[in-house]
Amino acid sequence: MLRIFALLLTVISAMGFAQLAAQQESPKQRPGPFLIYGPVHTIRDERATFKSENGTLVEGPKVLVQTIEYDEDGTKQDRTSYESNGNIGYRSVERYEPDGRILETSSFQNGKLSSRVVSNYDDQKQLIEEMTYRPDGSVSDRTVFRGHGNQSETESWSYDPQGNITSQSKSRYDQPSKRSSSITISPSAVVQSLSTVIDNPDGSREFRTEGSNGEFKRQVFIPIAKGREDRVTYNKDGTIKSTERHVREFDSYHNLIKDTRSMSKGDSSDFAPVDVTYRTITYFGKD
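Take the sequence shown: its letter number 254 is residue 253 in numbering that gives the first Met the number 0, and every next letter is one higher.
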């Protein structure tokens, strides 16, 4: 389930890029959840955090955040994230079919294999199962995917090294209402949650999640202009907790090359810059 939620967050984070690309004629998208277009060979992300100098906010030094290397058809993607001290924090190697279907993800910690996720499909190329294996080959997680018209369902189990079930969860998603419900059962608790997506008339999109364990998340993504987007986070009582503003720049392939992030607290309209992410992209066939 964690892998599914992580993928969902990735898609949500990329939503602003998708809205821009939908308005333009874009080159072919690379396989994977990230919106990457054209014959990308390598990506290098660096981030500069703003700091105060003599009462003025200025950009600090750039720090390497992640690198991604693609093979020529994009079906192999080698992604490495870095800690603030420059050490490798996490590495994953993903393999895809040319049509974009994920086949396998191998994850590494400290240079050693930590897990391997294998995706299985039916004859109609629909995802039906994901198996997660430990380095010794034992199964740590299994997720089954089922579809029923506009309804989809996932069921997951986690296992200890001896093969005993340690937790299980089940979720249902209704496409017309864009609503999903889930229940997770573990020895310590039973947690139910409900998530909804609302497309508002003004073009904004709202994401809300509430859980029986007290979890509450509500965010509204508001497209402001070309390359600009606000993300408003709310408290449970309906007041605004904070607003995160993104101002983005893109290259001729419509790939992100710069993202400036600012924040405001509460319902204030005073935004303070937080950081800038610089993306350097090389392409196959280009010097």
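Using N, Cα and C, we set each Cβ at its ideal position, and we do this for glycine too.
Option nearest residue i by Cα separation, candidates the options
i    : options                   : result
S251 : V57, T281 and E214        : T281
P175 : Y89, N149, S192 and T165  : N149
S289 : E128, S155 and S137       : In this structure the chain extends from 0 to 286, so residue 289 is not present and cannot be described.
D201 : P60, S181, V189 and I223  : I223
T279 : G31, L63, G54 and N53     : L63
I184 : K216, Q167, M130 and Y277 : Q167
N234 : K216, A188 and F144       : K216
Y132 : L126, V143, V117 and Y172 : V117
S267 : E243, F283 and H253       : E243
P26  : T259, R207 and N254       : N254
P160 : V92, R171, D173 and S139  : S139
K225 : E128, H245, V189 and E209 : H245
H147 : D173, D258 and E128       : D173
R260 : R29, F49 and N84          : F49
Q108 : Q28, S80 and E128         : S80
Euclidean distance between Cα positions of residue i and residue j
i    : j    : result
D98  : T104 : 16 Å
A21  : D121 : Residue confidence for A21 is low, a pLDDT of 42 falling below 50, so the modelled location carries little weight and cannot support an answer.
Q23  : E96  : Confidence is the limiting factor: at Q23 the pLDDT is only 48, short of 50, which leaves the residue's position unreliable and the question unanswerable from this model.
F4   : Y89  : The pLDDT assigned to F4 is 40, lower than 50, so where the model puts this residue is not dependable, and the model offers no usable value.
R141 : Q191 : 20 Å
L56  : R227 : 21 Å
P134 : G37  : 34 Å
G162 : M130 : 13 Å
Y277 : F249 : 11 Å
V92  : G265 : 40 Å
R94  : N119 : 13 Å
R207 : K177 : 11 Å
F283 : G54  : 44 Å
V143 : N84  : 39 Å
R247 : Q28  : 19 Å
P186 : E209 : 21 Å
I11  : Q123 : Note that I11 scores 42 on pLDDT, short of 50, meaning its location in the model is unreliable and no value can be drawn from it.
K285 : D258 : 24 Å
E128 : N86  : 34 Å
Cutoff 8 Å: residue i Cβ touching any chain C Cβ
i    : result
H253 : In the structure shown, chain C cannot be found, because there is only a single protein chain.
Own chain partners of residue i with C-beta closer than 6 Å, once the 5 adjacent residues on each side are dropped
i    : result
E205 : I197 and V219
K169 : E154 and I182
A47  : E58, G59, K61 and V275
T300 : An answer regarding residue 300 cannot be provided, because it is not within the stretch 0 to 286 covered by the chain.
I221 : S203 and D229
S298 : There is no way to answer for residue 298, as the model of the chain reaches only from 0 to 286.
R78  : I67 and S91
Residue burial classification, residue i (beta-carbon count within 10 angstroms, cutoff 16)
i    : result
S194 : buried
L34  : buried
I164 : exposed
D269 : exposed
G237 : exposed
R145 : exposed
Q125 : exposed
S51  : exposed
S157 : buried
G110 : exposed
Residues near residue i by beta carbon distance below 8 Å, same chain, minus five either side
i    : result
E82  : G88
M262 : S241, T242, E243, R244, F270, A271 and V273
G31  : G73, Q76, E93, Y95, G99 and I101
I256 : E248, F249, D250, Y277, R278, T279 and I280
A17  : Its pLDDT being 44, under 50, A17 is placed unreliably in this model, and the coordinates cannot settle the point.
Spatial neighbours of residue i in its chain, beta-carbon cut-off 7 Å, leaving aside the 5 residues before and after
i    : result
R171 : Q150, E152, S179 and S180
L112 : S105 and P134
L7   : Note that L7 scores 41 on pLDDT, short of 50, meaning its location in the model is unreliable and no value can be drawn from it.
G213 : none
Contact test: residue i Cβ vs the ligand ADP heavy atom, cutoff 7 Å
i   : result
T79 : Ligands are entirely absent from the displayed structure, and the ligand ADP is therefore not among its contents.
Q: Could you tell me whether the stretch 32-44 touches the stretch 65-74, using the rule of 3 or more Cβ pairs below 8 Å?
A: At 8 Å Cβ cutoff, the stretches touch.
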